[in-house]
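Q: 117 is the number that our numbering gives to position 83 of the sequence shown; each next residue is one higher, with no gaps.
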Amino acid sequence: AGTAILGDGIASGENRAIKAAQMAIKNPLIDNSIDGAQGILLNISGGPDLKLYEVNEAAEVIRNAASTDANIIFGAVIDESMNEKLKVTIIAAGFKEKDRIFDKPFFTEEKVEFPKQETLKKPEPVFTDKELFEEERKEKKAVKEEKALPEDFKPIEEDDYLDIPTFLRKHKE
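1) Just curious, the alpha helix (DSSP H) that Val-89 is in, first and last residue?
2) Closest to Ile-96 by C-alpha separation, out of Lys-156, Asp-42, Lys-174 and Lys-164, would be which residue?
3) Count Cβ pairs between the segment 144-151 and the segment 84-102 that sit closer than 8 Å; are there 3 or more?
4) Near Lys-172, what residues of its chain come up, given a Cβ to Cβ distance below 7 Å and the 5 sequence neighbours on each side ignored?
5) In or out: Ala-176 buried (at least 16 other Cβ within 10 Å) or exposed?
6) When the distance is taken between beta carbons, is Lys-119 closer than 8 Å to Ser-67?
7) Grab me the residues of Thr-123's own chain with a C-beta within less than 6 Å of its C-beta, minus the 5 sequence neighbours each way, in chain order.
8) What are the start and end residues of the alpha helix (DSSP H) that includes Lys-119?
9) Quick one: using the 10 Å Cβ neighbour count with 16 as the cut-off for buried, is Val-111 buried or exposed?
10) My output table needs one value for Ser-79: the three-state DSSP class, helix, strand or coil.
11) Going straight from the alpha carbon of Asp-133 to that of Lys-150, what length do you get?
12) Gln-72 and Gly-128 look like a contact to me (Cβ under 8 Å); what is the Cβ gap, rounded to whole Å?
13) Contact criterion: CB-CB distance below 8 Å. Does Asn-117 meet it with respect to chain D?
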């Protein structure tokens with residue numbers, strides 16, 4: 035158990051092994067250095083044109099970035115689909131937490147000052163025409179009166195209604 039970090043880089047062209055190894059070390063997935071890792075897994079993948087000296091160059095870049103006593107295990111893979119590309123993948127683990135230097139803190143504390151704004155003023159009251167208000171009220175009242183109750187409507191006393199079970203009330207009707 036402990037911290038493990040992963041990085042990979044892909045490059046092509048001249049010095050592709052060195053470029054890919056440097057990209058793997060500086061990968062955004064690696065938030066800190068691989069220095070201090072007790073164990074590093076290194077995988078170098080390339081097409082049929084992968085040369086032994088390129089494997090050696092990539093391993094050398096990783097070895098120089100790691101601590102001197104790191105156990106580096108590497109492998110090389112010929113992948114037909116890689117064509118002229120070379121990929122370096124590293125997994126570094128076995129960090130001693132007390133020796134681990136965190137370059138980028140997980141959380142940062144930063145004071146934020148907001149510009150001072152005047153407090154909001156209460157809006158001035160909106161005055162309406164009293165006659166208009168009274169007219170609208172009369173219209174609403176007239177609409178309510180139009181919605182008269184049906185002629186056969188009989189108000190039910192609440193107590194009576196609740197005292198009779200539903201199935202009996204329906205049976206009476």
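Where a beta carbon is used, it is the ideal one built from N, C-alpha and C, also for glycine.
Fair warning: this is a prediction, and the values are worked out from it, not measured in the lab.
A: From the atom records:
1) 86-99
2) Asp-42
3) no
4) none
5) exposed
6) no
7) Asp-42 and Asn-77
8) Where Lys-119 is concerned, there is no enclosing alpha helix (DSSP H), although the beta strand (DSSP E) it sits in stretches over 119-127.
9) exposed
10) strand
11) Bear in mind that a pLDDT of 49 at Asp-133, under 50, signals an unreliable position, so the number given afterwards is only what the model happens to contain. Distance between the alpha carbons of Asp-133 and Lys-150 is about 45 Å.
12) 3 Å
13) Here there is only one protein chain, and chain D is not present.
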